[in-house]
Every structure is written in structure tokens, then in C-alpha cells.
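**Student:**
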Amino acid sequence: MIDQQKLYEIWVYLQAEPLFWLTLTIGSYLIADYFYRRSSLFPLLNPVAISVLIVSVILLTFDIQYERYFDGAKFIHFLLGPATVALAIPIYKKWDLILSNSRAIFISLIIGSVFAIFITYGLSSYFELQQELILSLLPRSVTAPIAMGISELIGGIPSLTAIITIITGIIGASLGIFVFDLMNLKKMEARGFSLGLASHGVGTARAMSRDANAGVFAAVGMGLSGLVTSLILPLFIKFIF
Amino acid sequence: MLNSIFVILFFQLVGEFIQKFLELSVPGPVIGLFLLLIILLMSKKNYYKIPINFQINLINSAENLLNYLPLLFIPVGVGVVMHLSLLEDNLVPVMLVIIIGTLLTLAVTAFVMDKLLKEVNKDD
Numbered sequence: 086m087i088d089q090q091k092l093y094e095i096w097v098y099l100q101a102e103p104l105f106w107l108t109l110t111i112g113s114y115l116i117a118d119y120f121y122r123r124s125s126l127f128p129l130l131n132p133v134a135i136s137v138l139i140v141s142v143i144l145l146t147f148d149i150q151y152e153r154y155f156d157g158a159k160f161i162h163f164l165l166g167p168a169t170v171a172l173a174i175p176i177y178k179k180w181d182l183i184l185s186n187s188r189a190i191f192i193s194l195i196i197g198s199v200f201a202i203f204i205t206y207g208l209s210s211y212f213e214l215q216q217e218l219i220l221s222l223l224p225r226s227v228t229a230p231i232a233m234g235i236s237e238l239i240g241g242i243p244s245l246t247a248i249i250t251i252i253t254g255i256i257g258a259s260l261g262i263f264v265f266d267l268m269n270l271k272k273m274e275a276r277g278f279s280l281g282l283a284s285h286g287v288g289t290a291r292a293m294s295r296d297a298n299a300g301v302f303a304a305v306g307m308g309l310s311g312l313v314t315s316l317i318l319p320l321f322i323k324f325i326f
Numbered sequence: 010m011l012n013s014i015f016v017i018l019f020f021q022l023v024g025e026f027i028q029k030f031l032e033l034s035v036p037g038p039v040i041g042l043f044l045l046l047i048i049l050l051m052s053k054k055n056y057y058k059i060p061i062n063f064q065i066n067l068i069n070s071a072e073n074l075l076n077y078l079p080l081l082f083i084p085v086g087v088g089v090v091m092h093l094s095l096l097e098d099n100l101v102p103v104m105l106v107i108i109i110g111t112l113l114t115l116a117v118t119a120f121v122m123d124k125l126l127k128e129v130n131k132d133d
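Protein chains in written order, with my numbering: chain A, 86 to 326; chain B, 10 to 133.
(1) Using the rule of at least 16 other Cβ atoms within 10 Å of the residue's Cβ for burial, across every protein chain shown, is K53 of chain B buried or exposed?
(2) Could you check how far apart the C-beta atoms of F307 of chain A and T228 of chain A are, in whole angstroms? I think they sit under 8 Å.
(3) So with Cβ pairs under 8 Å, would you call V170 of chain A a contact of chain B?
(4) Under a Cβ-count criterion, where at least 16 other Cβ atoms within 10 Å of its own Cβ denotes burial, should A101 of chain A be classed as buried or exposed?
(5) Please name the residue, chosen from A:L282, A:P319, A:F302, that lies closest to S198 of chain A on a Cα-to-Cα basis.
(6) Quick one, which residues of the region 95-111 of chain B are near chain A if we go by CB-CB under 8 Å, in chain order?
(7) Name the chain A residues whose beta carbon is nearer than 7 Å to that of P60 of chain B?
(8) In chain B, which residues lie less than 7 Å from V402 of chain A when you measure between Cβ atoms?
(9) Any Cβ of chain B within less than 8 Å of the Cβ of I325 of chain A?
(10) List, in order along the chain, the chain B residues whose C-beta lies closer than 7 Å to that of E102 of chain A?
(11) If we ignore side chains and look at the alpha-carbon of each, how far apart do I107 of chain B and F191 of chain A end up?
(12) Counting contacts by CB-CB distance shorter than 8 Å, is E217 of chain A in contact with chain B?
(13) When the distance is taken between beta carbons, is G166 of chain A closer than 8 Å to P103 of chain A?
(14) Taking Cβ to Cβ, would you say V23 of chain B is nearer than 8 Å to L67 of chain B?
(15) Looking at the structure shown, is G241 of chain A part of a helix, part of a strand, or coil, going by DSSP?
(16) With 8 Å as the threshold, decide whether the Cβ of A201 of chain A is near any Cβ in chain B.
(17) Which of the three DSSP states is assigned to N55 of chain B in this structure?
(18) Please compile the residues from chain A whose C-beta is within a distance smaller than 7 Å of the C-beta of L49 of chain B.
(19) Where does Q21 of chain B fall in DSSP's three states?
(20) Taking Cβ to Cβ, would you say I248 of chain A is nearer than 8 Å to L11 of chain B?
(21) If you measure from the beta carbon of P224 of chain A to each beta carbon in chain B, is any gap under 8 Å?
(22) Can you check whether the C-beta of M122 of chain B is within less than 8 Å of a C-beta belonging to chain A?
(23) Check the Cβ of I68 of chain B against every Cβ in chain A and list those closer than 8 Å, keeping chain order.
(24) The region 154-166 of chain A: which residues have C-beta closer than 8 Å to a C-beta of chain B, in chain order?
(25) Examine the Cβ distances between the region 170-178 of chain A and the region 254-268 of chain A and report whether three or more of them are shorter than 8 Å.
(26) Would you kindly report the start and end of the unbroken alpha helix (DSSP H) that includes I107 of chain B?
(27) Could you please tell me which residues of the region 114-136 of chain A, in chain order, have their CB closer than 7 Å to any CB of chain B?
(28) Taking V121 of chain B and I149 of chain A to be in contact with their CB atoms under 8 Å, please state how far apart those CB atoms are, rounded to whole angstroms.
(29) Would L126 of chain B and A275 of chain A qualify as a contact pair, given that the criterion is a beta-carbon distance under 8 Å?
(30) Does any CB atom of chain B fall closer than 8 Å to the CB of I317 of chain A?
(31) Which ranges would you report for the beta strand (DSSP E) in the region 105-157 of chain A if only whole runs of at least 3 residues count?
(32) At least one CB of chain E closer than 8 Å to the CB of R188 of chain A: is that the case?
(33) Excluding the 5 residues flanking D132 of chain B on each side, which residues of the same chain have their C-beta closer than 6 Å to its C-beta?
(34) Suppose the cutoff is 6 Å on Cβ atoms and the five residues either side in sequence are ignored; what does the same chain contact list for A290 of chain A look like?
(35) What residues in its chain sit with their C-beta under 7 Å from that of L238 of chain A, if we drop five residues either side in the sequence?
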């Protein structure tokens, strides 16, 4: 006979501990990654999207506050910083390849970063969104901490920008491949670079798991578009509003 | 192993310090990335020597960590789902802006890059 009262008490204890949420996060990722590989890397089964879904459903079902979950998940979240620094290593290893294509990188960087701003502005004006929301949308292609900084600077709402930025990353990482296949693009470096430029870290993670050169070019695209966007977006705002 | 963890954390720390000190809009870890890259590239140009054992160690640790890069986005991703209500009635238009905007940006950037890239040697 299972003592339900006791089980409930154990649950109450465990769900208040970081250990439970840390284990759940890694467990969902392993499950999502397993099915992603089993499906021979079917893009819509993007492991980030699926594991986020698994964890969110569990949190919503048991009515758990995000703060409580994050208390455990923060140990994983913390590693984002060191992982960003670690991107120096693959870039270093492919430095000659990057240098010999610096013209291509520079031109695509400028065109891509400017295009990202214009298309976001154009579409949000078309949907007649309020100005505050448009300003929160504009920096969405670059890595979240940069995007939030820019958002604050130009008068957007940083927390809203964070949400929009992460969604952008997941969309690019899971749907990008359909665009590339449709365009019949063969060069992994071009695919990677645009993933890093348009969907920052999540796109870079995705590119890295597919092809080493794509991953390096994604890291370069992410870093450079972050710099360029933080320089040109404030100028664009002055010009438009 | 511990040496390379220390180096990576140290560069992030220096990056965070520079970011706060100069009040830059570039995040600390990104500054740390650039600094570490510069240090590594300078050793390649023989300004000084980084012991080969340590280089291998650093490369292994970094690549191990980067293998799990997707995992690291889950906590933030869950935060997004839990806070979707912030978008209120704007959820549908905002999603459309993001989806159309992102896919078009990907297409344009990849197209330009594809035309300008030199033929890349696959086993480079």
C-alpha cells in the first residue's frame, strides 16, 4: 500500500529543491535530443524547442512558479557565459578560413544586419503595432543581453525584447533549414553565418551541431551582428522616429 | 581540465569587469570571447608560447562545453513560455513579424554570403 500522504510530502519537499528542476531540465534535453537523433535530425524536432515544451507543460500542470524552477535551472543558465567565451576556440581554430573570407563576411554582415532592422520595422508598421512594442522588436536578431541593452537604450521594454529575442532564435534554428533547402544553398559557411546573424546563440548552437564550419561562421556572425546592430540601430531610430 | 575552466571563467570575469567599467553595451562574455581570441591569435604569431598540453586541454574543455550549447538555452526558453502573457493580444502579429522577419533575414544573408564566399576547402 502506497502512503499517499507521505508521497505528497516528499513531492512538496523535492519541488522546493534545485536538484529536482536541474534533473528535470537535463532529463528533458536528453529525451528531446534522443528523438531528434532518432528522427535523423528532423528540424521541427529541435531539441531546445521540444525540451522547453516538456518543462513548460510540467510547470503549468503542477502550477509551479518560474522563479522556483529557475532556482534549479540557474546552474545550467550560468554556463551560457563561459560557453560564449569558449566560442573563441572554434573561431581560433578556423581563423585562416575566416580571414580569407573577410570581404564576404563584412558585406553580408552589413546587408544582413541592416535588412533585419528594416524588415522588422516594415512588418511591425504593417501590423500597426504600438511604438513601444516596435522598439522592443527591433533588436531581436542579436544575442539576448545585447538586444536587451539596445532595447533599453532606444525606449523599448527589455523583458519583452528578451522574450521576442529567444523566440527569434528558436524560429531561426528550427525553420531556417527549410529556407536554405528551398534556395538550394550548399555552402555550410553561408548557412551558418546567416543563422548566427539572424538568430544568435540558439541558431549558433544549431549550426554547430550540424557542421563544424557552419558553427564557426555562426559564432562569427552572432558576435559581429551584435556589435554592428548596437551601433546602427540607435542611428536608425533617430532617423525614423 | 581545471586550468582551462579557470582560464574561461577568468576571461569572462575580465570581460564583465571591462563591460561595467567602460559601461559598454556589449555583454561581458562577448568581450571575454574577443580577449581570449586575441590572446590565442597572438601566440600563433609567436609573440609568446602557450604550452601545447594546455592548448589541447583548453580546446577539449571548450568543445565539451559547446557540445551542450543547446541545453543552456532551456532555462531562458522556459521563461519565455511562462511569460508569453506579457505579449497580451499582440501575440499573433508579433509571432508573424518574428517568423517572416527571421526567415527573410536568413534568406537574404545566406544568399549574399553564398555569392561572395570563395570555394571552401572541405577538409580545411
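Using N, Cα and C, we set each Cβ at its ideal position, and we do this for glycine too.
**Tutor:** The relevant details are as follows:
(1) exposed
(2) A quick correction: the sequence has Met, not Phe, at residue 307 of chain A. Their Cβ separation, rounded to whole angstroms, is 6 Å, which keeps M307 of chain A and T228 of chain A in contact under 8 Å.
(3) yes
(4) exposed
(5) Per the Cα distances, A:L282.
(6) Residues of the region 95-111 of chain B with a C-beta less than 8 Å from any C-beta of chain A: L95, L96, N99, P102, V103, M104, L105, V106, I107, I108, I109, G110, T111, listed in chain order.
(7) The contacting residues do not exist; P60 of chain B stays about 16 Å from chain A at best.
(8) Given that chain A is displayed from residue 86 to residue 326, the structure contains no residue 402 of chain A and the question cannot be resolved.
(9) For I325 of chain A, the closest Cβ of chain B is not nearer than 8 Å.
(10) By Cβ distance, chain B contributes nothing, its closest Cβ being about 16 Å from E102 of chain A, past 7 Å.
(11) 24 Å
(12) no
(13) With respect to G166 of chain A, P103 of chain A sits apart: the two C-beta atoms are not nearer than 8 Å.
(14) no
(15) If DSSP states are grouped into helix, strand and coil, G241 of chain A belongs with coil.
(16) yes
(17) coil
(18) A173, Y177
(19) helix
(20) no
(21) Judged by the 8 Å Cβ criterion, P224 of chain A is not in contact with chain B.
(22) For M122 of chain B, the closest Cβ of chain A is nearer than 8 Å.
(23) Going along chain A in sequence order, the residues near I68 of chain B (Cβ under 8 Å) are I174, K178.
(24) Y154, F155, A158, K159, I161, H162, L164, L165, G166
(25) no
(26) 100-125
(27) For chain B, the residues of the region 114-136 of chain A that bring a beta carbon within less than 7 Å of one of its beta carbons are Y114, P132, V133, S136, in chain order.
(28) The pair is not a contact, with the Cβ atoms about 45 Å apart (cut-off 8 Å).
(29) yes
(30) no
(31) none
(32) Among the chains of the structure shown, chain E does not appear; the protein chains present are A and B.
(33) Here the model assigns D132 of chain B a pLDDT of 48, short of 50, so the residue's position is not dependable and the matter cannot be decided.
(34) none
(35) P319
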